[in-house]
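In full-length UniProt numbering, the protein residues as written are 1 to 307.
Where a beta carbon is used, it is the ideal one built from N, C-alpha and C, also for glycine.
Small disclaimer: the values here were computed from a predicted structure and weren't measured.
Structure first, then comments.
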Ligand code: NAP
């Protein structure tokens with residue numbers, strides 16, 4: 001394919017980062033942007049990670065060779081239904097949703113025969129949202145998981161893999177159900193725990209909210225960072241990956257119960273054994289280049305000692 005015309009539907013953290021990353025390597029003949037609000041569209045054009053904006057979904061996709069759907073998972077079905085009749089024959093549609101099986105089912109219901117859907121999920125992000133949050137390096141050395149099924153056109157999978165590699169990612173192909181299970185434990189349940197612990201702390205009657213904020217040492221602070229993630233995006237993740245999340249939560253609850261038991265019976269050996277195993281996992285993540293071993297995750301500001 002010559003340099004493609006690429007359209008970004010949704011220009012928040014992920015959509016804007018894709019725009020910046022595509023521009024960094026000059027991969028697109030033209031980048032068109034579309035988002036729900038005129039405000040986001042204007043901002044995107046001013047920041048400059050798109051070449052033009054469209055004021056309708058249909059207008060945005062009409063000339064596109066590749067359409068990236070960068071919207072919350074729960075919006076994808078409706079958007080594909082509305083844009084499908086306006087797609088060019090042969091266009092490739094891809095997404096970045098954090099859940100894959102439900103998205104694939106929804107898209108296949110609406111997409112016409114002469115277009116291909118390549119499901120994708122970049123394992124990269126921050127807790128920030130909106131068009132100003134994106135940056136070109138977001139995907140560097142991060143994984144992007146593609147979950148095509150046996151029907152997905154192989155050439156289209158290759159095209160999208162090449163794009164992600166050019167944007168800095170390593171690409172892995174995986175079955176959609178397996179993706180949803182793996183991400184349930186590596187991302188969705190950890191976010192749920194963060195939402196829960198921050199909510200619990202905020203509700204505690206014996207500890208005032210101001211104390212929670214004033215004495216928020218590293219452990220709690222790191223949870224609040226995760227718990228500040230976009231509410232709509234995360235609502236949609238749990239609405240669309242409930243089964244896998246509940247399966248992983250059942251395992252998590254069993255393990256939590258055995259930790260409770262170890263504390264109750266003063267089984268220091270069991271606690272130390274687990275904490276040593278978990279420290280090893282952290283080391284493996286750093287060795288795999290997926291995080292920094294700098295103190296305080298490389299943050300420069302350090303108002304309080306971490307714990
Ligand atoms: P975000 O910053 O909140 O941006 C969402 C974008 O979608 C906004 O530009 C919004 O437009 C647009 N949008 C929402 N509904 C729309 C509609 N009906 N029609 C057109 N545009 C619509 O979200 P994000 O963090 O980039 O997440 C986007 C997707 O990436 C989600 O599916 C998420 O699961 C996935 N993902 C996120 C992360 C992460 O860490 N954040 C990581 C990997 C994958 P307005 O600004 O006009 O409202």
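Asked: Between residue 104 and the ligand NAP, is there a pair consisting of the residue's CB and a ligand heavy atom that are separated by less than 7 Å?; Found: no
Asked: Would you tell me roughly how many angstroms separate the C-alpha atoms of residue 13 and residue 125, rounded to the nearest one?; Found: 8 Å
Asked: What number of angstroms, rounded off, separates the C-alpha of residue 4 from the C-alpha of residue 171?; Found: 20 Å
Asked: Contact between the region 260-271 and the region 188-200 is defined here as three or more beta-carbon pairs at a separation below 8 Å; is this criterion met?; Found: no
Asked: Sort out for me which residues DSSP pairs residue 72 with in a bridge.; Found: DSSP output for residue 72 lists no bridge partner at all.
Asked: Could you tell me the boundaries of the beta strand (DSSP E) in which residue 121 lies?; Found: 120-122
Asked: Less than 8 Å between the beta carbons of residue 88 and residue 119, yes or no?; Found: no
Asked: With a cut-off of 8 Å, do at least 3 Cβ pairs link the region 106-115 to the region 130-141?; Found: no
Asked: How should residue 40 be labelled, buried or exposed, when 16 other C-beta atoms within 10 angstroms of its C-beta is the threshold for buried?; Found: buried
Asked: In three-state DSSP terms, what is residue 302?; Found: Per-residue confidence for residue 302 stands at a pLDDT of 40, beneath the threshold of 50, marking its modelled position as unreliable; the derived number appears in the next sentence. Three-state result, residue 302: coil.
Asked: In three-state DSSP terms, what is residue 307?; Found: The pLDDT assigned to residue 307 is 39, lower than 50, so where the model puts this residue is not dependable; a value taken from the coordinates is nonetheless given after this. Three-state result, residue 307: coil.
Asked: To the nearest angstrom, how far is the alpha carbon of residue 241 from that of residue 175?; Found: 15 Å
Asked: Would you mind sorting residue 8 into buried or exposed? The rule is 16 or more other CB atoms within 10 Å of its CB.; Found: buried
Asked: What is the DSSP secondary structure of residue 82, counted as helix, strand or coil?; Found: helix
Asked: Tell me the DSSP bridge mates of residue 95?; Found: 69
Asked: So does the region 73-80 actually touch the region 229-246, counting three or more Cβ pairs closer than 8 Å?; Found: yes
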